[in-house]
Structure formats: structure tokens, C-alpha cells
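Q: Sequential numbering from 298 applies to the sequence shown in my numbering.
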Amino acid sequence: MDIEKIKGRLEFLREAEKLKDVLRSAHTSSGRTESTAEHSWRLCLMAVVFGDYLTGLDRLKMLKMCVIHDLGEAISGDIPAVNKDSFPNKSEQERSDLILLTNTLDESLKAEILALWDDYENALSPEAVSVKALDKLETMLQHNQGKNPPDFDYEFNLAYGKKYTDAAPLFEALRNIIDEETKANMLLNPK
Numbered sequence: 298m299d300i301e302k303i304k305g306r307l308e309f310l311r312e313a314e315k316l317k318d319v320l321r322s323a324h325t326s327s328g329r330t331e332s333t334a335e336h337s338w339r340l341c342l343m344a345v346v347f348g349d350y351l352t353g354l355d356r357l358k359m360l361k362m363c364v365i366h367d368l369g370e371a372i373s374g375d376i377p378a379v380n381k382d383s384f385p386n387k388s389e390q391e392r393s394d395l396i397l398l399t400n401t402l403d404e405s406l407k408a409e410i411l412a413l414w415d416d417y418e419n420a421l422s423p424e425a426v427s428v429k430a431l432d433k434l435e436t437m438l439q440h441n442q443g444k445n446p447p448d449f450d451y452e453f454n455l456a457y458g459k460k461y462t463d464a465a466p467l468f469e470a471l472r473n474i475i476d477e478e479t480k481a482n483m484l485l486n487p488k
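Given below as C-alpha cells:
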């Protein structure tokens with residue numbers, strides 16, 4: 298047993314805990330601002346719940362991607378999707394933050410986490426494309442479920458992530474259901 302490796306991993310977990318305090322633009326059903334860790338948890342749950350529809354994919358790889366896809370945000374925080382155009386280097390910043398966050402890990406584990414993140418970020422594998430789709434769908438689901446401020450932009454959901462949610466029949470079906478909820482919210486909450 299390598300005690301230094303274990304200590305390094307514990308230090309990584311201590312730093313990753315900061316993700317619990319990183320707030321997103323979404324709100325929970327009670328109106329509390331959602332954390333990135335909460336978003337990642339429900340993304341994992343979605344991958345489990347719809348796993349039987351994701352035949353031929355490595356579901357363990359998908360779950361790992363779900364857990365680490367926003368991990369770099371523990372350092373510099375979340376940039377809401379509606380503001381991403383204002384931050385053209387968002388991906389570079391997140392990767393740099395992830396490298397910093399994983400600096401206490403042994404090289405093999407650090408390399409695995411970075412490879413999973415790179416795969417996800419660049420949608421290189423079918424698993425990454427699926428996690429990207431579920432990520433967008435989870436965000437949209439939360440937007441519809443959340444108790445949002447009066448000026449919340451529900452219309453944003455209707456175009457958000459279509460590149461990924463058009464990738465498979467499951468994602469299209471989920472999208473259609475969530476889009477209907479979005480449209481209903483737009484009628485109830487006109488700007």
C-alpha cells in the first residue's frame with residue numbers, strides 16, 4: 298500500500314469538495330441556487346436511469362465522465378451557458394483548472410481523469426456525445442423544474458445543446474418532452 302499515493306488522493310478529494318460551493322445559474326424546485334456538484338449528481342443519475350437505452354456504450358466510462366465533466370469548476374467557478382460567448386477560452390480555463398486540481402494525484406489516475414475530460418470536452422467518443430446530450434438535458438430539466446426568478450429566460454432552452462440532443466432517438470424523445478415543458482413555462486412566465 299502506497300501511503301503517499303493515498304494522501305495525494307485524499308488531498309485531491311479535499312480540493313474537489315469545493316465543487317459543492319460552486320453555484321450555477323439554475324435554481325432548485327425550492328428556489329435555492331443549484332451547485333455544480335448537485336448538477337453532476339443528477340447527471341450521473343440520468344445516465345443510470347436511462348442506461349438501458351444506451352446499448353453498446355461503456356456505461357462505467359459514461360459515469361466517470363459525468364462525475365468529472367465540470368470538476369475544473371471547483372477552481373474558477375461556473376460560467377453559465379448563456380454567457381459562454383463572453384468567455385471564448387472557457388474550455389482552456391477548465392482544463393487548466395483540472396490540471397491544477399489533480400496535481401496531487403498519481404500520474405496514472407491524473408492521466409485517466411484528463412483523458413476522460415478531454416474526450417468529453419471534444420465529444421470524441423459515442424460515450425462523450427451521450428454524456429454531452431444528457432448534460433444539456435439535465436440543465437434544461439432543472440431550468441423547467443426550478444423555482445426561477447421572474448426574468449428567467451426559458452426560451453434559451455429551446456436551442457440549447459441541439460447538436461448533442463439530436464444525436465440519438467432517446468435524446469430526441471427526452472428533448473421533445475422537455476421542450477414542451479419549456480414552452481408551457483414560457484406561457485406561464487412571459488417576459
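Note that the Cβ used here is the ideal one computed from N, Cα and C, for glycine as well.
In or out: L351 buried (at least 16 other Cβ within 10 Å) or exposed?
A: Translated into the one-based positions of the sequence shown, residue 351 becomes position 54. Buried is the call here.
Q: Please classify N454 as buried or exposed, where buried requires at least 16 other C-beta atoms within 10 Å of its C-beta.
A: Reading the sequence shown from its first residue, position 157 is the one you call residue 454. Result: buried.
Q: Just reading off the alpha helix (DSSP H) that S393 is part of, what are its end residues?
A: Taking the sequence shown and counting its residues from 1, the one referred to as residue 393 is at position 96. Per DSSP, S393 belongs to the alpha helix (DSSP H) from K387 to L398.
Q: Excluding sequence positions up to five away, which residues of its chain have a Cβ less than 6 Å from the Cβ of L413?
A: Within the sequence shown, numbered from 1, the residue matching residue 413 stands at position 116. If we look at L413 and ignore the five residues flanking it on each side, its Cβ neighbours are K361, M362 and I365.
Q: Quick check on A464: does DSSP put it in helix, strand or coil?
A: Position 167 of the sequence shown, counted from the start, is the residue given in the question as residue 464. Reduced to three states, the DSSP call for A464 is coil.
Q: On the DSSP bridge assignment, give the partners of L320 in chain order.
A: Here residue 320 refers to the residue found at position 23 of the sequence shown. Looking at the DSSP assignment, L320 forms a beta bridge with S332.
Q: Provide the residue span of the alpha helix (DSSP H) that contains M362, from first to last.
A: On the sequence shown, position 65 is the one that residue 362 refers to. Element bounds for M362: R356 to I365.
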